[in-house]
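*Asks:* Please see the structure below; I have some questions.
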Amino acid sequence: MKAPLSAIPVRRLLFGFLLAFVLGCATTGPGGKRSLIFIGSGTEVSMGKEAEKEVLSQSKVLADSAWQSYVARVGQSLAQHSERKDLQYSFTVLESKEINAFALPGGPLYIYTGLLKLMEDESELAAVLGHEIGHVDGRHAVRQMQPIVGISAIEALAFGQKTPASRKALNVALGIALTGYGRGHELEADRFGLSYMQRAGYDPNGAVRMFTKLGGQGERERNVFEKLSASHPETKERIARLEAEIKKLPSGGKTGRETYQRMKKRLPE
1458 MKAPLSAIPV RRLLFGFLLA FVLGCATTGP GGKRSLIFIG SGTEVSMGKE AEKEVLSQSK
1518 VLADSAWQSY VARVGQSLAQ HSERKDLQYS FTVLESKEIN AFALPGGPLY IYTGLLKLME
1578 DESELAAVLG HEIGHVDGRH AVRQMQPIVG ISAIEALAFG QKTPASRKAL NVALGIALTG
1638 YGRGHELEAD RFGLSYMQRA GYDPNGAVRM FTKLGGQGER ERNVFEKLSA SHPETKERIA
1698 RLEAEIKKLP SGGKTGRETY QRMKKRLPE
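Here this note's numbering is used: position 141 in the sequence shown is 1598, and no number is missing along the way.
Laid out in C-alpha cells, this is it:
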C-alpha cells in the first residue's frame, strides 16, 4: 500500500532530522559523552584562527624562545593523547601579571607569565595545559556557543566575514575562553586533563597542588580568582573530585621540579 502523498515529505523531514542527529552526535574527550554538535571541526578551527588574531593584536607574546619551546614541549606531550587527532594544537606564553590560561576553539592555547610564576613544578604546568586541552577536546566552546549565537553566526566568523553576527560570535568565543565555561564543562576538562597527565607520565597530584594554590590566591586577591573561577565549580569540590579520580590511576609520575625551577628564574619580573 502506498503512503499518502502528504506523508512522504514528513517522513523525509524526519529521516533528514535523524540523519543530522546521528552525524552531528560526536563523542568528545577520553570517556566523554556523545553530544549533538552541528559545527564541523574545520569551521571550529577557522573560528579559532579568527579569535587568535584578536588575542595576538591585544597581547604581548613573551620574547623568550626557551620558554615558548618549553611550554610547547609540555603541551604537545599532553595533546598527543587528545582524542582529536585532526587538530594542530599550539601553545603560546603571554607576558602579563594576570593569573590565567585559556584555549580557543580548534587548538590555540595561551598561558600568562603571572600564572607560570605561581607554579613550582612541571606537573603543575601540565595540569593547567591538560585542563585547557580538555576544553578543546571536549569541544566545549562550540557546544556552549551553538545555542547562544547560532550556527550561521559561527560560520560567518569562521569564514572571516565582518558582520554584526560574526562580531558577536567572536565576543562570545573570547568571553567563554577568558572567563570560563559552565560547571559541567569545567569538571569534564578537569577529568580529561588528568587522563592526559597520566598518559604523558606526569604526577596527577600536580593538578591538586595547582587548584589548592589557586584557592589560596583567591583568598589573597579575590578579584583575580573570581575571574578564573567565574561560574566554575567551587575549588574544594574540584579538588575532592580530582583526588577521587587520582585514586583510580596508577601511582607515581614525574613532577619535573628541577627543570621548572631553572626555567622559572628566566621569567620577567
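Note that beta-carbon positions come from the ideal geometry of N, C-alpha and C, so glycine has one too.
Since we're looking at a predicted model, the values are computed, not measured.
Taking Leu1544 and Val1593 to be in contact with their CB atoms under 8 angstroms, please state how far apart those CB atoms are, rounded to whole angstroms.
*Replies:* So it is a contact: roughly 7 angstroms between Cβ atoms.
*Asks:* Excluding sequence positions up to five away, which residues of its chain have a Cβ less than 8 angstroms from the Cβ of Asp1660?
*Replies:* So the list reads Ser1580, Met1654, Gly1709, Gly1710, Lys1711, Thr1712, once near-sequence residues are dropped.
*Asks:* Please name the residue, chosen from Leu1671, Thr1716, Leu1651, that lies closest to Ile1590 on a Cα-to-Cα basis.
*Replies:* The residue with the shortest Cα to Cα distance from Ile1590 is Leu1651.
*Asks:* Comparing alpha-carbon positions, which option in Ser1526, Glu1509, Glu1552 lies nearest Glu1726?
*Replies:* Considering only alpha carbons, the answer is Glu1552.
*Asks:* Rounded to whole angstroms, what is the Cα-Cα separation between Arg1695 and Lys1517?
*Replies:* Looking at the two C-alpha atoms, the distance is approximately 31 angstroms.
*Asks:* List the endpoints of the continuous beta strand (DSSP E) containing Ile1568.
*Replies:* Looking at the DSSP string, the run of the beta strand (DSSP E) that includes Ile1568 is 1565-1569.
*Asks:* Using the rule of at least 16 other Cβ atoms within 10 Å of the residue's Cβ for burial, across every protein chain shown, is Pro1621 buried or exposed?
*Replies:* Exposed, by the Cβ-count rule.
*Asks:* Could you tell me if the beta carbon of Ser1708 falls within a distance shorter than 7 angstroms of some heavy atom in the ligand ZN?
*Replies:* Among the components modelled here there is no ligand, and therefore nothing to report on the ligand ZN.
*Asks:* Are three or more beta carbon pairs between the stretch 1557-1564 and the stretch 1498-1514 nearer than 8 angstroms?
*Replies:* Contact between the stretch 1557-1564 and the stretch 1498-1514 is present, because at least three Cβ pairs lie under 8 angstroms.
*Asks:* Using the C-alpha atoms, what's the distance from Val1665 back to Leu1811?
*Replies:* Nothing in the structure corresponds to residue 1811, since the chain is present only between 1458 and 1726.
*Asks:* Leaving out the 5 sequence neighbours to the left and right, which residues in its chain are closer than 8 angstroms to Met1720 when beta-carbon positions are compared?
*Replies:* Around Met1720: Ala1523, Trp1524, Tyr1527.
*Asks:* Could you check the C-alpha separation between Tyr1638 and His1597 for me, to the nearest Å?
*Replies:* Rounded to the nearest angstrom, the two C-alpha atoms are 8 angstroms apart.
*Asks:* Enumerate in chain order the residues of its own chain whose CB-to-CB distance from His1689 is below 6 angstroms, with the five nearest sequence positions on each side excluded.
*Replies:* Because His1689 carries a pLDDT of 49, less than 50, the predicted location of this residue cannot be relied on, and the following value inherits that uncertainty. Hits under 6 angstroms: Gly1637, Glu1643.
*Asks:* Give the single residue among Glu1507, Lys1554, Ala1646, Glu1715 whose Cα lies nearest to the Cα of Val1585.
*Replies:* When each option's Cα is compared against that of Val1585, the closest is Ala1646.
*Asks:* Would you decide whether Arg1541 is buried or exposed? Buried here means 16 or more other CB atoms lie within 10 Å of its CB.
*Replies:* With 16 or more Cβ atoms within 10 Å of its Cβ, Arg1541 is classed as buried.
*Asks:* Mind checking which residues open and close the beta strand (DSSP E) that includes Leu1644?
*Replies:* Careful: Leu1644 lies outside any beta strand (DSSP E), inside the alpha helix (DSSP H) at 1640-1657.
*Asks:* I need the boundaries of the beta strand (DSSP E) containing Val1550, first residue and last residue.
*Replies:* Start and end: 1547-1551.
*Asks:* Using alpha carbons as the reference points, say which of Glu1700, Met1576, Gln1537 lies closest to Lys1722.
*Replies:* Checked all of Glu1700, Met1576, Gln1537; the closest Cα to Lys1722 is Met1576.
*Asks:* Quick one: grab the DSSP three-state call for Ala1520.
*Replies:* Coil.
*Asks:* Would you tell me roughly how many angstroms separate the C-alpha atoms of Asp1578 and Lys1510, rounded to the nearest one?
*Replies:* Whole-angstrom Cα-Cα distance: 31 angstroms.
*Asks:* DSSP on Lys1721, reduced to helix/strand/coil?
*Replies:* Helix at Lys1721.
*Asks:* The alpha helix (DSSP H) that contains Met1576, what's its start and end?
*Replies:* From DSSP, Met1576 is part of no alpha helix (DSSP H); its letter is neither H nor E.
*Asks:* Only counting the same chain, and skipping five residues up and downstream in sequence, which positions put a Cβ closer than 6 angstroms to that of Gly1587?
*Replies:* Here the set comprises Leu1535, Gly1650, Tyr1653, Met1654.
*Asks:* Give me the residue from Ile1556, Tyr1567, Ala1583 with the minimum Cα distance to Lys1574.
*Replies:* When only C-alpha atoms are compared, the closest one is Ile1556.
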